[in-house]
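Undergrad: Position in the sequence shown (from 1) plus 2 gives the number in my numbering.
Glycine residues also receive a C-beta, built at the ideal position from the N, C-alpha and C atoms.
Structure in structure tokens, see below.
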Amino acid sequence: PTLFEWLQSPIVYQQTDFIERIRPLANQYFSEKKMLYHYLNTARTQMNKYLSGDKVKPKKYFYALRPILACRWIEKYHSVPPILFDDLVKELLPSQMQEHVSRLLDIKINGPESMEIDPIIPIQYYIIKNIKELDVYVQSDSEEKKDWKALNQFFLEELGHD
């Protein structure tokens, strides 16, 4: 997932032809199932570690919501999800949840980094519900095996080892 996120990022520190050469090749190796597992496990870890107590840090909700929305993007579009949280929210989050997330964002922006709040039940429920649904989906998602020769050759050539 890191390579795909890097290729999708709007932030570019140095532009070289490497990016343009690897982008079409990378798309051939996109694995829905692996990316779904990555994002789903990230959301589950955030929920279990940081969002299950009597008090929670607002930013931790975003660390669970973004991977859930990324999974929903993959499920809907069968492609690499956008990096920007706002793009995922506008496209995939129900309007009622968008209101809760907007209020949460205000709390996060206007409060100190260390601030803890009472759990926001609708967001908690949304996260838990989606983790359960995505667990079922990822189990049913089948995938064909990839041939890694072209990608291996690309990197060997990049390193000067033909």
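Determine the burial state of Val58: buried for a count of at least 16 other Cβ atoms within 10 Å of its Cβ, exposed for fewer.
TA: Locating residue 58 in the sequence shown gives position 56, where the first residue counts as 1. It counts as buried.
Undergrad: Put Ile13 into one of helix, strand or coil per three-state DSSP.
TA: The sequence position of residue 13 within the sequence shown is 11, counting from 1. In this structure, Ile13 counts as coil in the three-state DSSP scheme.
Undergrad: Would you mind stating whether Val103 and Leu95 have Cβ atoms separated by less than 8 Å?
TA: Residue numbering aside, residue 103 sits at position 101 when the sequence shown is read from its first letter. Residue numbering aside, residue 95 sits at position 93 when the sequence shown is read from its first letter. It is a contact, given that the beta carbons lie within the stated cut-off.
Undergrad: In whole angstroms, give me the CA-to-CA distance for Leu175 and Asp89.
TA: Outside the displayed span of the chain (3 to 164) sits residue 175, for which this structure offers no information.
Undergrad: In angstroms with no decimal places, state the Cα-to-Cα distance between Leu27 and Phe87.
TA: Walking along the sequence shown from the start, residue 27 turns up at place 25. Walking along the sequence shown from the start, residue 87 turns up at place 85. About 26 Å.
Undergrad: Return the chain-ordered list of same chain residues with a C-beta closer than 6 Å to the C-beta of Ile70, the five sequence neighbours on each side being excluded.
TA: As a working note, residue 70 is residue 68 in the sequence shown. Same-chain partners within the cutoff: Ala45 and Asn132.
Undergrad: Would you mind giving the Cβ-Cβ distance between Phe156 and Ile24, rounded to the nearest angstrom? I have them listed as a contact below 8 Å.
TA: On the sequence shown, position 154 is the one that residue 156 refers to. On the sequence shown, position 22 is the one that residue 24 refers to. Indeed, because the Cβ distance is near 7 Å, the residues count as touching under 8 Å.
Undergrad: Run through DSSP, which three-state label would Ile85 get?
TA: The sequence position of residue 85 within the sequence shown is 83, counting from 1. Here Ile85 sits in coil by DSSP.
Undergrad: Can you tell me which residues form a DSSP beta bridge with Asp119?
TA: Position 117 of the sequence shown, counting from 1, holds the residue named residue 119. Reading off the sequence, residue 119 comes out as Ile, not Asp. Per DSSP, Val58.
Undergrad: Assuming Leu67 and Val140 form a contact by the criterion Cβ under 8 Å, report the distance between their Cβ atoms to the nearest whole angstrom.
TA: As a first step, residue 67 is located in the sequence shown; it is residue number 65 there, counting from the start. As a first step, residue 140 is located in the sequence shown; it is residue number 138 there, counting from the start. Wrong, their Cβ atoms sit about 18 Å apart, outside the cutoff.
Undergrad: On a CA-only basis, which of Glu145, Pro60 and Leu42 is nearest Val138? Give me that one, please.
TA: Looking up residue 138 in the sequence shown gives position 136. Considering only alpha carbons, the answer is Leu42.
Undergrad: Below 8 Å on the Cβ atoms is my guess for Tyr128 versus Met99; work out the distance and round it to an integer in Å.
TA: Within the sequence shown, residue 128 is the residue found at index 126, counting from 1. Within the sequence shown, residue 99 is the residue found at index 97, counting from 1. Indeed, because the Cβ distance is near 6 Å, the residues count as touching under 8 Å.
Undergrad: Smallest Cα separation from Glu101: which of Glu115, Ser11, Ile122 and Pro84?
TA: Within the sequence shown, residue 101 is the residue found at index 99, counting from 1. Residue Ile122 is the option with its Cα nearest to Glu101.
Undergrad: Does the beta-carbon distance from Ile85 to Ser144 come in below 8 Å?
TA: One-based indexing of the sequence shown puts residue 85 at position 83. One-based indexing of the sequence shown puts residue 144 at position 142. Taking 8 Å as the Cβ cut-off, Ile85 and Ser144 do not qualify as a contacting pair.
Undergrad: Give the range of the alpha helix (DSSP H) segment to which Ser144 is assigned.
TA: Taking the sequence shown and counting its residues from 1, the one referred to as residue 144 is at position 142. Neither: Ser144 is in no alpha helix (DSSP H) and is coded neither H nor E.
Undergrad: Applying the criterion that 16 or more other CB atoms from any shown protein chain within 10 Å of the CB defines a buried residue, is Ala152 buried or exposed?
TA: Taking the sequence shown and counting its residues from 1, one reaches residue 152 at position 150. Exposed, by the Cβ-count rule.
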